[in-house]
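Chains as they are written, first to last, in my numbering: chain A, 15 to 249; chain B, 15 to 331. Beta carbons: idealized from backbone N, C-alpha and C, even for Gly. Remarks on the structure that follows.
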């Protein structure tokens, strides 16, 4: 946790005025503020719907906007842990579940918009889509994987599963994130219009890459220390 | 402004009754839908383009025309970008529609180039309100202005070898930022069989909503073939070639399993990646409206079904 690169060593003094542990009230306020902030994209859609500013193809607009925001909250969720390593702000970890749930919330609305508003609950057409259109297959798979994570997001569920297996289960997000990007990528691929999906692909690859790097270093570290202890005599 | 402020104008500048009535209906329908912001933009835009004198033509649908604002802001014109809003953002400031020449050659007795203003006067212009069905399963109703392509074809005196027409869209990287992306092989090429091109529904189109075409909708001249998916109606034409062999249209070249030469609107033949059975009408089918069924030949079966008698349309899609 304290292994830092030179860049982080430089960054940390600048941010050192923020305490690693927030007073309970400060944290609750911060979380409430972020909660309201995360609802704004939905509020914007509702407002535009009410004043008739959803454009020529409202269903397409709403579905795409909700999908994009699900992806944004996913990126935010995945940013919190690397940010915590960087800053030692322990309270960041306590925001992960909220943003994860916002990802699930927007993904649910995204799916509902497709199933309800676009397909009008025509189950046969939807099933055909899921099997015939790879990007829908992938998006649906990503959503299915999100469900157990959302379902186990309460404190009671964390206790019931035990910290370790809860954490193991929630590593499913490392599969969900690439699937979500692939869903977006594939949807745009037909037109070769990949600028936006590329941004998300780079962000997700970076965030997952940080984890891989850290995991590899930790593994290296433990191998090194074992190697050191066994080679002590010969040294 | 919808109503001209008094200024000593020529009688030819007076908006024809058909046009203002249509506009008035348009504004009312948009207002009825609560599209207040859209209407103000519609007014701002419809004030500028040059009006075209036209008489009402045949085959017009009684359906309500889609708002000018939607038809001009939700476009597929990949030469100006792949997103729906890109053409409206990029085309008006970049596309130079004057001077503009259209080369007409191939299997004709008198190949020649037309200046756009000469081509425009070749035959009397007509108002034609057509349904437009995009291959992406959305649709619109557009009041076009033009004359039947057949008028031009007859004057060109095609030879006996002329079996198809090939249409080529401008491909100028200086004017068209979308050419930098390789969505398709540029220039955009489309084609029609001679009997399709000669069909009275097929319109050589110079305007819409009573005025010249906006750049993002294919100015200064395009084809409109209302019973085929929208991509068959090539925009911003620089060449019409009469040929013996069936042209390889751009989308077929790019994805032959997904797009054919004919591309007739057909609710019973799905696109490999989505259903064509239903569609969503721009500006009308709001958030809580069910998709409407797509009609065979986009509702023009009475006029065109005989062109395809005996053909297997699931194979020749």
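Query raised in the report: Is the CB of residue 5 of chain A under 8 Å away from at least one CB in chain B?
Result: Past the boundaries of the shown model lies residue 5 of chain A; chain A is included only from 15 to 249, so the question cannot be answered.
Query raised in the report: Quick one: any contact between the segment 166-183 of chain B and the segment 206-221 of chain B, if contact means 3 or more CB pairs under 8 Å?
Result: yes
Query raised in the report: Can the beta-carbon of residue 160 of chain B be found closer than 8 Å to that of residue 94 of chain B?
Result: no
Query raised in the report: Does the Cβ-Cβ distance between residue 198 of chain B and residue 178 of chain B come in under 8 Å?
Result: no
Query - residue 200 of chain B versus residue 247 of chain B: straight-line alpha-carbon distance, rounded - result: 16 Å
Query raised in the report: Does the beta carbon of residue 269 of chain A sit closer than 8 Å to a beta carbon anywhere in chain B?
Result: An answer regarding residue 269 of chain A cannot be provided, because it is not within the stretch 15 to 249 covered by chain A.
Query - C-beta neighbour in chain A for residue 352 of chain B, strict 8 Å - result: Here chain B comprises residues numbered 15 to 331, so residue 352 of chain B is not present and cannot be evaluated.
**Report entry** Beta-carbon contacts of residue 50 of chain B that lie in its chain and below 7 Å, excluding the five residues immediately before and after
**Finding:** Annotation note: pLDDT 47 at residue 50 of chain B (below 50); position unreliable, coordinate value reported separately. Same-chain partners within the cutoff: there are none.
Query raised in the report: Run through DSSP, which three-state label would residue 109 of chain B get?
Result: coil
Query raised in the report: Which of the three DSSP states, helix, strand or coil, is assigned to residue 33 of chain A?
Result: coil
Query raised in the report: Which one of B:145, B:123, B:71 has the shortest CA to CA distance from residue 79 of chain B?
Result: B:145
Requested in this report: Check each candidate in A:104, A:118, A:60 and name the one with the smallest Cα separation from residue 36 of chain A.
Outcome: A:104
Query raised in the report: Given 8 Å as the limit, is there contact between the segment 62-74 of chain B and the segment 126-141 of chain B, that is, 3 or more CB pairs closer than that?
Result: yes
Requested in this report: Would you please verify whether the beta carbon of residue 82 of chain B is less than 8 Å from any beta carbon of chain A?
Outcome: no
**Report entry** Identity of the residues DSSP links to residue 127 of chain B by a beta bridge
**Finding:** B:117
**Report entry** Nearest residue (CA-CA) to residue 173 of chain B, options B:156, B:123, B:252
**Finding:** B:123
Query - 8 Å contact criterion, which residue 113 of chain B and residue 119 of chain B should meet: CB distance rounded - result: Not really, about 19 Å apart at Cβ, beyond 8 Å.
Query - Helix, strand or coil at residue 218 of chain B according to DSSP, with G and I counted as helix - result: strand
Requested in this report: For chain B, find out if any of its Cβ atoms is closer than 8 Å to the Cβ of residue 68 of chain A; answer yes or no.
Outcome: yes
Query raised in the report: Which chain B residues are close to residue 78 of chain A, counting only those with a beta carbon under 8 Å from its beta carbon?
Result: Per Cβ cutoff of 8 Å: no residues; residue 78 of chain A is ~11 Å from chain B at best.
Query raised in the report: Listing by chain order, which chain B residues have their CB less than 8 Å from the CB of residue 131 of chain A?
Result: 301, 302
Report task. Examine chain B for any beta-carbon lying closer than 8 Å to the beta-carbon of residue 134 of chain A, and answer yes or no. Result -> yes
**Report entry** Nearest neighbour of residue 87 of chain B, chosen from A:68, A:191, A:180, A:174 [CA to CA]
**Finding:** A:68
Query raised in the report: Contact between the segment 107-122 of chain A and the segment 164-174 of chain A: three or more CB pairs below 8 Å?
Result: yes
Query - Separation of residue 86 of chain A from residue 59 of chain A, as counted between CA atoms - result: 16 Å
**Report entry** Backbone CA spacing between residue 191 of chain A and residue 84 of chain A [nearest angstrom]
**Finding:** 11 Å
**Report entry** From B:290, B:75, B:170, B:180, residue whose alpha carbon lies closest to that of residue 259 of chain B
**Finding:** B:180
Report task. Could you work out which residues of chain B lie near residue 72 of chain A, taking near to mean beta carbons separated by less than 7 Å? Result -> 300, 301
Requested in this report: For residue 61 of chain B, name the three-state secondary structure that DSSP assigns.
Outcome: For residue 61 of chain B, the predicted model reports a pLDDT of 47, less than 50, meaning its position is unreliable and no value from the coordinates is stated.
Query raised in the report: Which first and last residues belong to the alpha helix (DSSP H) in which residue 267 of chain B is found?
Result: 264-268
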